[in-house]
Amino acid sequence: MRPEMQRLAASAIIPALLVFALYALKALETGMGWDFTSWGVRPLEWRGVAGIVLHPLVHADWEHLAANTLPLFFLSWCLFYFYRGIAPAILACVWTGSGLLTFIIARPAWHVGASGLIYGLAFFLFFSGLLRRHVPLVALSLLVTFLYGSLVWNMFPDFAEAGTSWEGHLAGAVTGTACAFAFRNRGPQRPQPFADEEEEDEQLPAGEEEQSTEDENKNRAPLER
Numbered sequence: 015m016r017p018e019m020q021r022l023a024a025s026a027i028i029p030a031l032l033v034f035a036l037y038a039l040k041a042l043e044t045g046m047g048w049d050f051t052s053w054g055v056r057p058l059e060w061r062g063v064a065g066i067v068l069h070p071l072v073h074a075d076w077e078h079l080a081a082n083t084l085p086l087f088f089l090s091w092c093l094f095y096f097y098r099g100i101a102p103a104i105l106a107c108v109w110t111g112s113g114l115l116t117f118i119i120a121r122p123a124w125h126v127g128a129s130g131l132i133y134g135l136a137f138f139l140f141f142s143g144l145l146r147r148h149v150p151l152v153a154l155s156l157l158v159t160f161l162y163g164s165l166v167w168n169m170f171p172d173f174a175e176a177g178t179s180w181e182g183h184l185a186g187a188v189t190g191t192a193c194a195f196a197f198r199n200r201g202p203q204r205p206q207p208f209a210d211e212e213e214e215d216e217q218l219p220a221g222e223e224e225q226s227t228e229d230e231n232k233n234r235a236p237l238e239r
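Counting from 1, position 57 in the sequence shown corresponds to residue 71 in this note's numbering; the numbering is continuous, with no gaps.
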C-alpha cells in the first residue's frame, strides 16, 4: 500500500472507532431497555457533571444518531488527516471544552449528543485554515463552509430547530474557534519557500576556494616601486 493510502486509512481509524462506539451504546441501550439520558449534561447540577465528558456518547434516538454520524466521521477524519500531530489534543479539548461550556450556559435540561463536538470540529477546521494560510488547509476551510455553513443557524435560539440544544452547538463553535487560535502555532504551517535559500551559505569547490584565497593574498601584498 502506498504511503498516501496508508495515511488516508490510518486517519480513519479513530473516527471509525468513535462512530462504532456510539452505535454500540445505542444498541445496548435499546436492546436492554435502559436509558442513558442521565449521561448527558445537566447544567449547574452535580448530577450533570459527568455529562461534560459523556454527553457526546448518548443520543436521544436512532434518528438523532444517524443525523450526526456522517458529519462526525468526516470532520474527525479531516482532523486526523490534516492535523495528525495535534489531532488527539484538539479532539480532547473540543470534546471536554464544549461540554464544560454547555454545563455553564445551557438551560436546565438534559443535553445529549455529539452535535457540540461536530460544531467544534467544523469551527476549528474553518478558522485554523484561515489562520495558517496554508493552501490545503484554506481549501479545507472552504469545503467545510460549503458542506456545513448552514449549521450556523442552529447556534441561535430564534433559528434553532425545536428540541435541539442550541447552547451545545454554540458551546462547540466557541470551543473550536478558541482551539484554532490556541493551537495556531502548532501542527502544519505555511511553508516558507525562500527560507532555506537565504540560510544556505554559498560553498565553492576546493580548488576554486584555494585559488580565490591566493588571489586575495596577492591583492593585499604591497606594490613594488
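Where a beta carbon is used, it is the ideal one built from N, C-alpha and C, also for glycine.
Beta-carbon proximity list for residue i, same chain, < 8 Å, skipping 5 on both sides
{"i": "Val-33", "result": "Thr-83, Leu-86, Phe-87"}
{"i": "Arg-200", "result": "Gly-99, Ile-100"}
{"i": "Phe-195", "result": "Phe-141, Leu-145"}
{"i": "Ile-119", "result": "Pro-57, Glu-181, Leu-184, Ala-185"}
{"i": "Ala-35", "result": "Leu-71"}
{"i": "Arg-198", "result": "Ser-142, Leu-145, Arg-146"}
{"i": "His-73", "result": "Leu-36, Lys-40, Leu-79, Asn-82, Val-126, Gly-127, Ala-128"}
{"i": "Glu-175", "result": "Asn-168"}
{"i": "Glu-214", "result": "Residue confidence for Glu-214 is low, a pLDDT of 49 falling below 50, so the modelled location carries little weight and cannot support an answer."}
Endpoints, alpha helix (DSSP H) assigned at residue i
{"i": "His-148", "result": "Segment: none, His-148 is in no alpha helix (DSSP H) and carries neither H nor E."}
{"i": "Leu-71", "result": "That residue, Leu-71, is in no alpha helix (DSSP H); it is neither H nor E in DSSP."}
{"i": "Thr-83", "result": "76-96"}
{"i": "Leu-42", "result": "27-46"}
{"i": "Trp-60", "result": "Element bounds for Trp-60: n/a, residue is neither H nor E."}
{"i": "Trp-109", "result": "101-119"}
{"i": "Leu-184", "result": "180-196"}
Own chain, CB closer than 6 Å to residue i, minus 5 neighbours either side, in chain order
{"i": "Phe-117", "result": "Val-55, Pro-57, Ile-66"}
{"i": "Thr-51", "result": "Trp-124"}
{"i": "Gly-62", "result": "Val-55, Arg-56"}
{"i": "Pro-29", "result": "Phe-87, Ser-90, Trp-91"}
Buried versus exposed, by CB contacts within 10 Å (16 or more), residue i
{"i": "Leu-128", "result": "Rather than Leu, the amino acid found at residue 128 in this sequence is Ala. Buried: at least 16 other Cβ atoms inside 10 Å."}
{"i": "Thr-44", "result": "exposed"}
{"i": "Ala-136", "result": "buried"}
{"i": "Gly-190", "result": "buried"}
{"i": "Gly-134", "result": "buried"}
{"i": "Ala-80", "result": "exposed"}
{"i": "Val-188", "result": "buried"}
{"i": "Leu-42", "result": "exposed"}
{"i": "Trp-53", "result": "buried"}
{"i": "Gly-130", "result": "buried"}
{"i": "Gly-113", "result": "buried"}
{"i": "Trp-48", "result": "exposed"}
{"i": "Phe-96", "result": "buried"}
{"i": "Phe-94", "result": "buried"}
Neighbourhood of residue i by C-beta, 7 Å cutoff - its chain only, sequence neighbours within 5 removed
{"i": "Arg-147", "result": "Arg-204"}
{"i": "Thr-159", "result": "Phe-140"}
{"i": "Cys-193", "result": "Ile-104, Cys-107, Val-108, Phe-138"}
{"i": "Pro-171", "result": "Trp-180"}
{"i": "Val-152", "result": "Gly-143, Leu-144"}
Residue-level contact to chain D via CB, residue i, 8 Å cutoff
{"i": "Ile-27", "result": "Any reference to chain D falls outside this structure, which holds one protein chain only."}
Inter-stretch contact (C-beta, 8 Å, three-pair minimum) for the segment 101-110 and the segment 163-183: no
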